[in-house]
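Chains as they are written, first to last, in our numbering: chain A, 1 to 330; chain B, 1 to 511.
The C-beta atom is built at its ideal place from N, Cα and C for all residues, glycine as well.
Take a look at the structure set out below.
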Amino acid sequence: MTAHDGSYAAEAPPRGFAPRVSLDALRDYGVLISLVALFVALSIASSAFLTQTNLLNILDQQADLGIIACGATLVIVAGGLDLSVAAIFALAGVMACKVANETGPLLGILAGCGVGLGVGVLNGLLVTVGRMNSFIATLAMSIIVGGVALAVTGGSQVIVEDDSFRFFPQDALVSGLTRASVALVIVVTVAWFVLARTTFGRYVYAVGGNAEAARLSGIRVNVVRGATFALSGLGAGLAGVIVASRVSSATADAGAGLELTAIAAVVIGGTSIAGGEGAIWRTVVGVLFLALVGNGFNLLGVDPLYERVVTGALIVLAVSIDAWARRRRS
Amino acid sequence: MSAPRGSTSSGPYVELRGISKRFGGVQALSDVSLTIARGSIHALVGENGAGKSTLGKILAGGIQHDAGELIVGGRAVRYRSPHDALVDGVTIIAQELALVPQRTVLENVFLGVESRTLGVVDRRALLRRYERLVERSGFALPPSMPAGALRLADQQKLEIMRAIARDARLIVMDEPTAGLATDEAKKLFADIRRLQADGVTIVYVSHFLDEVLSLADTVTVLRDGCHVRTAPAAGETRDSLIGSMLGRPLTTVFPPKAPPPPDAPAVLSVRGLVRGRVVRGVDLDVRAGEIVGMAGLIGSGRSEVARAIYGADHRDAGAISVCGRRVDPRSPRHAARAGISLLPESRKHDGLVMLRSGVENITLPHLDGLSRAHVVAPRRQRGAAAQMGARVGLRAGRERAPVFTLSGGNQQKVLFAKALMHEPRLLIADEPTRGVDVGAKEAIYELIVSLAAAGMGVLLISSELEEVLGLAHRVLVMREGRLVGAFADGEATEGNVMSAAFGAVAEGRSR
Ligand SMILES: Nc1ncnc2c1ncn2[C@@H]1O[C@H](COP(=O)(O)OP(=O)(O)OP(=O)(O)O)[C@@H](O)[C@H]1O
Ligand SMILES: [Mg+2]
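So, in structure tokens, the structure goes:
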């Protein structure tokens with residue numbers, strides 16, 4: 001494949017020496033190396049870490065964040081930002097429960113996903129046709145959607161009695177793998193394929209890298225950008241449904257802060273917040289990295305207060321490496 | 001700053017000893033040693049990718065050399081940033097201009113060196129300084145105009161004013177005349193000479209060898225990152241420079257013209273094209289196999305005509321037909337579908353996705369044909385890009401690299417490959433050879449001529465009059481949004497085209 005992720009040094013015609021370890025290489029693979037190092041360290045430090053139960057548990061717990069982060073990757077590579085995913089996540093859960101109670105579990109699950117897609121499409125329209133800055137548009141949308149979720153629930157928990165609503169149960173499907181984990185793996189695979197292999201994926205990179213050049217190349221820039229928001233909304237809706245179905249209930253304030261954690265995972269993975277660069281594998285690495293940090297604090301019994309400090313420091317580190325690499329180019 | 005004012009070519013100012021620089025796997029400069037005399041105009045010439053811009057950036061602190069010594073004013077230096085270099089009086093006017101387009105001329109000129117009172121920018125004091133600067137430089141730009149609204153030539157002036165405002169003693173100018181019309185280039189030369197008379201040393205990078213020969217005191221030739229020769233310009237000729245740059249002589253520049261048969265059908269006809277006040281009623285035809293040149297001063301509306309035909313800008317009125325069929329290009333997508341291809345004027349802003357590889361860029365508009373069920377076939381994509389790259393003279397393999405790592409001229413070749421990939425029926429080429437070296441220019445000219453011979457129509461916009469005259473079967477001249485002259489092949493001369501462009505002679509309205 002050609003470089004999806006900015007690793008190009010090896011592609012330049014060789015003239016003499018092998019490429020030295022550069023800042024770009026650090027940005028490209030540093031996070032992967034850190035992930036492996038953290039993994040090894042935790043395996044040594046805690047006997048409970050390297051067990052099938054613990055690892056599969058981590059995967060299950062990351063399903064919602066992972067799915068949302070995949071959508072966030074598409075949006076960010078296309079040069080946007082989606083701050084509404086946490087609110088969509090909550091509304092989708094609430095709507096899924098409501099509709100499940102009114103009609104049936106399956107319709108409830110579809111309704112939750114549909115709400116996510118619908119809000120995502122609205123975001124897309126605001127950003128493209130409405131020419132709004134995506135930060136502001138999705139911030140406003142997040143407030144609106146959060147308000148709607150509160151109005152729908154009246155501030156209380158919505159509970160589903162019907163057991164078949166538990167389409168994503170906490171119990172394992174096969175050998176410890178839950179349906180939620182399987183959903184995560186499928187979403188990651190599809191998102192990777194779309195971004196890395198399809199024409200749409202190429203357009204996403206082009207639009208995020210230089211929208212005017214993309215437009216002059218005959219690409220429907222608005223359609224591409226709008227679609228990234230729609231997919232991000234759909235992902236958030238699915239994540240909301242998975243979590244609601246897992247516990248057969250939903251509240252309007254579920255998932256608070258999820259939008260920022262998702263962006264953090266994307267950035268820690270090394271996808272540039274400036275758009276035009278990045279990859280799904282990076283996001284997977286970013287999500288796993290955050291998950292291992294959390295798991296490590298948990299297993300080693302460190303005060304979870306410090307987890308936030310560490311996460312924040314990681315973001316600073318990731319973004320400054322990106323900024324250095326970027327400065328050297330100009 | 002240490003330079004005595006008014007000193008002429010006297011003694012070394014900058015000395016490079018064995019300077020090397022590599023980027024990843026590319027050795028951009030290897031072991032380059034040369035001396036730049038104080039107060040001289042020192043030209044750098046070489047093929048695309050020879051390392052000229054890299055050398056300029058090292059001088060001005062934009063990047064750092066890996067090995068070797070840089071001695072400025074007798075002191076070994078190693079600039080960590082452009083700011084460091086500026087403290088020593090060294091600055092660069094880059095190949096891709098670096099202005100803040102939304103901010104005013106005034107703000108851009110004094111960016112970073114504002115007059116402040118208690119940390120608050122003092123606009124009055126700035127304006128007074130600006131007036132003095134206008135006097136000193138002889139450039140009168142409107143101080144409150146946004147820099148992005150200035151014409152390219154004026155942006156260039158703005159950059160020079162900026163350098164003077166910072167008291168620069170050595171200015172690196174990287175292809176300052178690429179994209180300037182002949183008359184504006186002449187004005188720039190006068191400005192450069194004035195700077196020299198003021199004691200400023202100029203390092204001048206250009207692909208226009210005649211320019212170099214008439215302007216420079218000394219010429220350095222680079223090839224593949226190596227220093228070939230530094231010699232007085234007076235002892236060089238165009239051929240001697242080309243020989244050392246390319247390692248081979250270049251005989252003919254323009255291929256012989258092959259005008260289309262008189263009954264060739266029109267691929268493009270435009271009637272009554274209007275866009276605001278910049279395009280005021282333009283009629284034109286391009287026939288299959290015909291190369292129609294468009295000359296005119298910068299700002300005469302040529303690029304705007306091109307963009308309106310391509311659907312890149314909205315048009316207020318005008319009928320457009322391609323191959324006899326009415327089309328209504330409301331967007332570039334429509335135009336591309338109709339068989340029109342545009343090579344935009346600014347590769348950085350309108351042409352290329354700098355972070356992506358040449359392969360991605362070249363194939364971007366053509367992915368539908370290189371994919372099955374919307375899944376890209378990477379091998380076919382790479383193969384197609386490599387083939388096109390070879391046709392425009394891109395060295396094999398270079399198309400794999402991200403475009404921002406390519407030299408300016410090679411970026412232009414990528415842009416060309418992209419525009420030509422699906423053999424459009426009409427190519428609108430706006431400044432097609434901007435920043436391209438003499439050898440590659442020849443290749444591009446041959447390509448244009450051979451495509452035209454195969455039946456493609458070409459609308460060629462160029463500020464290099466020589467290029468328009470050398471290639472076009474018919475020359476149209478624009479002034480103030482209107483076509484003011486049309487010259488058949490043989491009638492067009494530098495004299496009559498220029499006088500039409502300036503408005504001295506108003507030939508009949510034409511199509
Ligand atoms: N940031 C970068 N990363 C990687 N390679 C680079 C970078 N900048 C320049 N190069 C490479 O270094 C070589 C010299 O480039 P440079 O821009 O100095 O050429 P140039 O002589 O100015 O060419 P042109 O006439 O086309 O402007 C080229 O092979 C180019 O691809
Ligand atoms: Mg250059």
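Does any C-beta atom of chain B lie closer than 8 Å to the C-beta of residue i?
i: A/E161; result: no
i: A/R282; result: no
i: A/I321; result: no
i: A/G79; result: no
At a CB-CB cut-off below 9 Å, which residues of chain B make contact with residue i?
i: A/T199; result: L367, D368, L370, S371, H374, V375 and V376
Is it right to say residue i is buried, meaning 16 or more other beta carbons lie within 10 angstroms of its own, or is it exposed?
i: A/Y306; result: exposed
i: B/G89; result: buried
i: B/S520; result: Look at the range of chain B in this structure, 1 to 511, and you will see that residue 520 of chain B is not part of it.
i: A/S47; result: exposed
i: A/F229; result: buried
i: A/D171; result: exposed
i: B/D210; result: exposed
i: B/E47; result: buried
i: B/R238; result: exposed
i: A/N133; result: exposed
i: B/K57; result: buried
i: B/G225; result: buried
i: B/I171; result: buried
i: B/H83; result: exposed
Closest Cβ-Cβ distance between residue i and chain A: below 8 Å?
i: B/A417; result: no
i: B/A338; result: no
CB of residue i to nearest heavy atom of ligand 4: below 7 Å?
i: B/T220; result: Ligand 4 is not among the ligands present in this structure, which contains only ligand 1 and ligand 2.
Could you work out which residues of chain A lie near residue i, taking near to mean beta carbons separated by less than 8 Å?
i: B/E360; result: T2, R202, Y205 and A206
i: B/D350; result: E212, A213 and L216
Go ahead and pull the three-state DSSP assignment for residue i.
i: B/C226; result: strand
i: B/L250; result: coil
i: B/E290; result: coil
i: B/S137; result: helix
i: B/Y445; result: helix
i: B/Y204; result: strand
i: A/E102; result: helix
i: B/H512; result: What is shown of chain B runs 1 to 511, which leaves residue 512 of chain B out entirely.
i: A/A69; result: helix
i: B/P12; result: strand
i: B/A500; result: helix
i: A/S181; result: helix
i: B/D239; result: helix
i: B/D191; result: helix
i: B/T478; result: One detail in the question is off: residue 478 of chain B reads as Met in this sequence, not Thr. Looking at B/M478 - three-state DSSP - the assignment turns out to be strand.
i: A/I219; result: coil
i: B/R162; result: helix
i: B/H473; result: coil
Just to make sure I have the definition right: I need the residues of chain B whose C-beta is within less than 7 Å of the C-beta of residue i. Which are they?
i: A/R220; result: R333
i: A/G276; result: V353 and L355
Against residue i, what residues of chain A qualify as contacts under a CB-to-CB distance less than 9 Å, listed in chain order?
i: B/L364; result: R202, Y203, A206, A213, A214, S217, G218 and I219
Strictly below 8 Å CB to CB, what residues from chain B border residue i?
i: A/G209; result: V353, M354, L355 and R356
Below 7 Å on C-beta distance, what does residue i contact in chain A?
i: B/L342; result: L216
i: B/A312; result: L216
message: Tell me which residues pass a beta-carbon proximity test against ligand 1: closer than 5 Å to any heavy atom, given in chain order.
response: B/F23, B/V26, B/A28, B/N48, B/G49, B/A50, B/G51, B/K52, B/S53, B/T54, B/T405, B/L406, B/S407, B/G408 and B/G409
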